[in-house]
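A.B. asks: Below is a structure I'd like to ask you about.
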Amino acid sequence: MAILAAVSMAVSGGCAKDDTADANGPATGRRVTVNLVNATRTTVEYPDGDHTAASKLVWNDGDKVSYFISEDGGATFGTAVEAEVNADGTLTVDNAPQSAFRIKVVYPNQRAGSAYSAAEVSATQNQPSADRFNGANLPMEGEADVDASATSVDVPYDINGAVLRIRLTASEHSAEQVKKIVIGNAGADMVPGSRTVTLTLGSAAAADLSADRYFYIVTSAGTYDPTMKVVTDVAEYEYDGTFGSREFLDANLYRYALDLDGGNAVRSSSTALDETETANCYLVRAGGEYTFNADIAGNGIGTDGNKAPTLIDADGTYGADWLWATESGVVQQVRYNAAWKRIAFTVPEDIVTGSAVIALYREDGGEKEIVWSWHIWVNATVADNCYGESEGTWLNANLGARNCNPDDAGSYGFLYQWGRKDPIVGAGVVGDRAGALDSSAFDAATTASTVVNTAVFGADMKWNVNPTAMSSAEAVAYPMSLFSEVFTDENDNMWIGPASAYKKTMHDPCPAGYRIPTNTNMLKWAAVLNALGTPAEDNAAATMSSLTYGRTYSPTVDGTTFEDWFPCAGVRLKTGIVKNIGKFGMIWNAGSTSWQWCGTTATNVKIASAGSNTQPHTAALSVRCRKM
47 MAILAAVSMA VSGGCAKDDT ADANGPATGR RVTVNLVNAT RTTVEYPDGD HTAASKLVWN
107 DGDKVSYFIS EDGGATFGTA VEAEVNADGT LTVDNAPQSA FRIKVVYPNQ RAGSAYSAAE
167 VSATQNQPSA DRFNGANLPM EGEADVDASA TSVDVPYDIN GAVLRIRLTA SEHSAEQVKK
227 IVIGNAGADM VPGSRTVTLT LGSAAAADLS ADRYFYIVTS AGTYDPTMKV VTDVAEYEYD
287 GTFGSREFLD ANLYRYALDL DGGNAVRSSS TALDETETAN CYLVRAGGEY TFNADIAGNG
347 IGTDGNKAPT LIDADGTYGA DWLWATESGV VQQVRYNAAW KRIAFTVPED IVTGSAVIAL
407 YREDGGEKEI VWSWHIWVNA TVADNCYGES EGTWLNANLG ARNCNPDDAG SYGFLYQWGR
467 KDPIVGAGVV GDRAGALDSS AFDAATTAST VVNTAVFGAD MKWNVNPTAM SSAEAVAYPM
527 SLFSEVFTDE NDNMWIGPAS AYKKTMHDPC PAGYRIPTNT NMLKWAAVLN ALGTPAEDNA
587 AATMSSLTYG RTYSPTVDGT TFEDWFPCAG VRLKTGIVKN IGKFGMIWNA GSTSWQWCGT
647 TATNVKIASA GSNTQPHTAA LSVRCRKM
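Numbering-wise (the working numbering), the sequence shown opens with residue 47 and increments by one.
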């Protein structure tokens, strides 16, 4: 707390101006100089603009007040007269009564000719420009008796409010504009008749948040446990119960620091993606602000069926940002909130359909070690298809697909190596029934179809084929690597949990609320699709693509007809190439085998059992997620 400088203004030298001068109207009475004494200031002044230095309130030249005159000792006052205050804290009263009178001076000025009303703090305040205190928000009032012969008088002018200075740090949100700041208190009114005070801001006050900005709110004197809320054009940031109870005194300045990037800020308008379950993938269908728990690996269940260790150490320094994305702008304003151990990000209202991977990293000596990463799947068209009570509900698209359009490579989705949560970019070319080959080097093909955040993670962060056998923990640290050897610690429980008793694990790549299907799930699902009849091209319920070998099923279940498109997305081999694009489509089940859903002829397009279609665990195959 810094006390506002109560610098007394010296009494004017007693030299009255000529009575014929016209300051506030025709001079028919005597003229009295009023010396506003005590803390009579309207601007917070900092030496050379340094907000870390001691501050004081000073008058602005031209500030206006209102004065009221009573000729009956204060029983009744006349109407308001507007007067300008000089920089030395003086004002002139013309046409003063020739007899003794009482004067009351009020700031901010009230409408000329209006009846007297007490100077009180308002529940709604305004700050027109950044870093500049609006003195009109700080009410002051004083009164004194003027003798019949006096030409000057000292008015002890008291400040009726405390000033709260809020330093706002928001370097990661420089594109946002502050609209208002709200201070509240549950226990008592902060101003007459209100437990909240709202500061609205002009455009100039919020134009640039790339550097610290200062905002000023006035409250009545009292003891408060304040809460604060910052409202921008993007969202609301709440600070609740973080400041402690303290007594606010009139004419005092209280400093607070708020950080939109961390601290105790939580966006109240954000959507918690992990409300029902934490996961390695979150499906986002609309623009907005989103958050999720950064301390839990996937769903937090290890391959042994027990709770997995948390990710964040108390003594570590952590951050978060997007690692790679299918297009620029899929996610924005990614940040890690240390107080809440959550990652937040924004999806623009005009969404960019695609995917992004967000990484939590631990920083040590400038080096960033990836601790865990999450797939953010932004797609407004992905929907649930219900195959019946026993067969369950499935997503109508491969995991990571940008669309469900036949003959579009955007429908292929991502490919996944056995036991891994991390998506591998699929084919970028459209295949045909002959089985196209994407033989481009893995790093070149993936780089062409993705953008990588090298500004944060460095130029060495790139797609690559890793020829070594690594542990699952090392695979987590290198989510952009395709491993040509299986994990040294791989087991059949990577996705399914122990003893084949299905339990989604921390390595499952499906969105929250979904999982990789079991073999039993697949059998029931296939039975529904294969019951549609002979899979010929003229079968209305099972239509083959004429260009990209794949199949659209249109089953009717419980009176509802829906469509499922199954593209032949091919298989990415351990060498990095994708083969059989448009010829085969393979989908993993949780039991470490694969399934084929399309073949080489028009009559061989049934959902087939694994059998000879089982793929090595180094192969990257499609994933179709089932609702839990």
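Here a beta-carbon is modelled for each residue, glycine too, at the ideal position from N, C-alpha and C. This one's a predicted model, so the numbers in the text were calculated from it and none came from an experiment.
Counting pairs of Cβ atoms below 8 Å between the stretch 433 to 447 and the stretch 381 to 399, do you hit three or more?
C.D. replies: Segments in contact, no.
A.B. asks: With distances taken from CA atoms, which of Arg-157, Ala-221 and Tyr-162 is nearest Glu-128?
C.D. replies: Walking along the sequence shown from the start, residue 128 turns up at place 82. Among Arg-157, Ala-221 and Tyr-162, the Cα nearest to that of Glu-128 belongs to Arg-157.
A.B. asks: Apart from the five residues just before and just after Met-552, which ones in its own chain have a Cβ nearer than 7 Å to its Cβ?
C.D. replies: Taking the sequence shown and counting its residues from 1, the one referred to as residue 552 is at position 506. Around Met-552: Ala-343, Gly-344, Asn-345, Gly-346, Ile-347, Gly-348 and Ala-354.
A.B. asks: CB-CB under 7 Å to Ala-69, same chain, minus the five flanking residues each way: which ones, in chain order?
C.D. replies: As a working mapping, residue 69 is identified with position 23 in the sequence shown. Bear in mind that the predicted position of Ala-69 carries a pLDDT of just 41, short of 50, making it unreliable; the figure below should be weighed with that in mind. So the list reads Thr-138 and Asp-140, once near-sequence residues are dropped.
A.B. asks: Distance check for Tyr-462 and Lys-508, CA to CA, integer angstroms please.
C.D. replies: As a position in the sequence shown, residue 508 is number 462, starting the count at 1. As a position in the sequence shown, residue 462 is number 416, starting the count at 1. Distance between the alpha carbons of Lys-508 and Tyr-462 is about 17 Å.
A.B. asks: At the level of alpha carbons, what is the spacing between Met-526 and Ala-216?
C.D. replies: If you number the sequence shown from 1, residue 526 lands on position 480. If you number the sequence shown from 1, residue 216 lands on position 170. C-alpha separation (whole angstroms): 31 Å.
A.B. asks: Compute the Euclidean distance between the alpha carbons of Tyr-622 and Glu-609, then round it to the nearest angstrom.
C.D. replies: Taking the sequence shown and counting its residues from 1, one reaches residue 622 at position 576. Taking the sequence shown and counting its residues from 1, one reaches residue 609 at position 563. Checking the sequence shown, residue 622 turns out to be Gly, not Tyr. In a straight line, the C-alpha of Gly-622 is about 32 Å away from that of Glu-609.
A.B. asks: Would you report the Cα separation of Ser-477 and Thr-356, rounded to the nearest angstrom?
C.D. replies: What you label residue 477 is simply residue 431 of the sequence shown in a count that begins at 1. What you label residue 356 is simply residue 310 of the sequence shown in a count that begins at 1. The displayed chain sequence assigns Gly, not Ser, to residue 477. Taking the straight line from one Cα to the other gives about 43 Å.
A.B. asks: Where does Ala-447 fall in DSSP's three states?
C.D. replies: The sequence position of residue 447 within the sequence shown is 401, counting from 1. Note: Ala-447 maps to coil in three-state DSSP.
A.B. asks: Taking the straight line between their C-alpha atoms, what separation do you get for Val-669 and Trp-634?
C.D. replies: As a working mapping, residue 669 is identified with position 623 in the sequence shown. As a working mapping, residue 634 is identified with position 588 in the sequence shown. If I take the Cα positions, the gap works out to 6 Å.
A.B. asks: Does the beta-carbon distance from Leu-569 to Tyr-599 come in below 8 Å?
C.D. replies: Residue numbering aside, residue 569 sits at position 523 when the sequence shown is read from its first letter. Residue numbering aside, residue 599 sits at position 553 when the sequence shown is read from its first letter. The answer is no: Cβ separation not under 8 Å.
A.B. asks: Sorry if obvious, but does the Cβ on Val-603 come closer than 7 Å to a heavy atom of the ligand COA?
C.D. replies: What this structure holds is no ligand at all, so the ligand COA is not there to describe.
A.B. asks: Would you mind working out which of Ala-169, Val-237 and Tyr-560 sits nearest Thr-246, comparing C-alpha positions?
C.D. replies: Numbered from 1 along the sequence shown, position 200 holds the residue referred to as residue 246. Of the candidates Ala-169, Val-237 and Tyr-560, the one whose C-alpha sits nearest the C-alpha of Thr-246 is Ala-169.
A.B. asks: Let me check one thing: in DSSP terms, what residues is Gln-463 bridge-paired to?
C.D. replies: For the purposes of this step, residue 463 is identified with residue 417 of the sequence shown, where counting begins at 1. DSSP lists Ala-666 as partners of Gln-463.
A.B. asks: How about the stretch 311 to 327 and the stretch 257 to 264: do they share at least three Cβ pairs that are nearer than 8 Å?
C.D. replies: Segments in contact, no.
A.B. asks: Any idea what DSSP makes of His-421, helix, strand or coil?
C.D. replies: As a position in the sequence shown, residue 421 is number 375, starting the count at 1. If DSSP states are grouped into helix, strand and coil, His-421 belongs with the strands.
A.B. asks: Answer with buried or exposed for Ala-666, where buried requires no fewer than 16 other C-beta atoms within 10 angstroms of its C-beta.
C.D. replies: In the sequence shown, counting from the first residue as 1, residue 666 sits at position 620. Its Cβ being crowded by 16 or more others within 10 Å, Ala-666 is buried.
A.B. asks: Could you check what DSSP says for Lys-677 in three-state terms: helix, strand or coil?
C.D. replies: Residue 677 lies beyond the stretch modelled for the chain, which goes from 47 to 674, so this question has no answer here.
A.B. asks: By the three-class DSSP mapping on this structure, what secondary structure does Phe-123 have?
C.D. replies: For the purposes of this step, residue 123 is taken as residue 77 along the sequence shown, with counting starting at 1. Of the three classes helix, strand and coil, the one that applies to Phe-123 here is coil, per DSSP.
A.B. asks: Compare the beta carbon distance of Gly-596 and Phe-612 with 8 Å and say whether it is the shorter of the two.
C.D. replies: One-based indexing of the sequence shown puts residue 596 at position 550. One-based indexing of the sequence shown puts residue 612 at position 566. Yes, Cβ-Cβ distance for Gly-596 and Phe-612 is below 8 Å.
A.B. asks: Taking DSSP as the reference, what is the three-state secondary structure of Gly-472?
C.D. replies: On the sequence shown, position 426 is the one that residue 472 refers to. In this structure, Gly-472 counts as coil in the three-state DSSP scheme.
A.B. asks: In its own chain, which residues sit with a C-beta less than 8 Å from the C-beta of Val-192, not counting the 5 before and 5 after it?
C.D. replies: As a working mapping, residue 192 is identified with position 146 in the sequence shown. Counting only Cβ-Cβ distances below 8 Å, and skipping sequence neighbours, we find Val-78, Ala-142, Ala-146, Phe-147, Arg-148, Ile-149 and Val-199.
A.B. asks: What residues in its chain sit with their C-beta under 7 Å from that of Ser-517, if we drop five residues either side in the sequence?
C.D. replies: The residue labelled residue 517 in the question sits at position 471 within the sequence shown. Around Ser-517: Phe-533, Thr-534 and Asp-535.
A.B. asks: Hey, out of Val-151, Ser-195, Asp-118 and Val-83, whose CA is closest to Arg-76's CA?
C.D. replies: What you label residue 76 is simply residue 30 of the sequence shown in a count that begins at 1. Minimum Cα distance to Arg-76 is reached at Ser-195.
A.B. asks: Could you name each continuous beta strand (DSSP E) segment of 3 residues or more that falls completely within the stretch 368 to 437, going from the start of the chain to the end?
C.D. replies: Segments of the beta strand (DSSP E) lying fully in the stretch 368 to 437: 378 to 383, 388 to 393, 400 to 410, 413 to 424 and 430 to 432.
A.B. asks: For Gly-185 versus Glu-166, is the C-beta distance shorter than 8 Å?
C.D. replies: Residue mapping note: residue 185 aligns to position 139 of the sequence shown, counting from 1. Residue mapping note: residue 166 aligns to position 120 of the sequence shown, counting from 1. Reading off the sequence, residue 185 comes out as Pro, not Gly. The answer is yes: Cβ separation under 8 Å.
A.B. asks: Is it the case that the stretch 417 to 430 contacts the stretch 489 to 496, given that we only count it when at least three CB pairs across the two stretches are under 8 Å?
C.D. replies: In short, these stretches do not touch, since the Cβ pair count stays below three.
A.B. asks: Any chance the stretch 399 to 412 sits against the stretch 364 to 374, with 3 or more Cβ pairs inside 8 Å?
C.D. replies: With the cut-off at 8 Å, the stretch 399 to 412 and the stretch 364 to 374 touch.
A.B. asks: Rounded to a whole number of angstroms, what is the C-alpha to C-alpha distance between Ala-482 and Asn-626?
C.D. replies: Position 436 of the sequence shown, counting from 1, holds the residue named residue 482. Position 580 of the sequence shown, counting from 1, holds the residue named residue 626. Going from the Cα of Ala-482 to the Cα of Asn-626 covers about 5 Å.
A.B. asks: Give me whichever residues DSSP pairs with Met-274 in a beta bridge.
C.D. replies: The count along the sequence shown starts at 1 and reaches residue 274 at position 228. Answer is Ile-229 and Tyr-285.
A.B. asks: To the nearest angstrom, how far is the alpha carbon of Ala-176 from that of Ala-473?
C.D. replies: In the sequence shown, counting from the first residue as 1, residue 176 sits at position 130. In the sequence shown, counting from the first residue as 1, residue 473 sits at position 427. Each residue's Cα considered, the two are about 51 Å apart.
A.B. asks: Keeping to the same chain, check which residues put their C-beta closer than 6 Å to that of Gly-333; ignore five residues upstream and five downstream.
C.D. replies: Reading the sequence shown from its first residue, position 287 is the one you call residue 333. So the qualifying residues of the chain are Val-393, Pro-394, Glu-395 and Ile-397.
A.B. asks: Identify, in the order they occur along the chain, each residue of the same chain with its Cβ nearer than 8 Å to the Cβ of Asn-510, setting aside the five sequence neighbours on each side.
C.D. replies: Taking the first residue of the sequence shown as position 1, residue 510 is located at position 464. Here the set comprises Phe-488, Asp-489, Met-526, Ser-527 and Leu-528.
A.B. asks: Using three-state DSSP, classify Pro-544 as helix, strand or coil.
C.D. replies: Position 498 of the sequence shown, counting from 1, holds the residue named residue 544. Helix.
A.B. asks: List in chain order: all unbroken beta strand (DSSP E) runs of 3+ residues lying wholly within the stretch 111 to 190.
C.D. replies: Correct list: 127 to 130, 136 to 142, 147 to 153 and 170 to 175.
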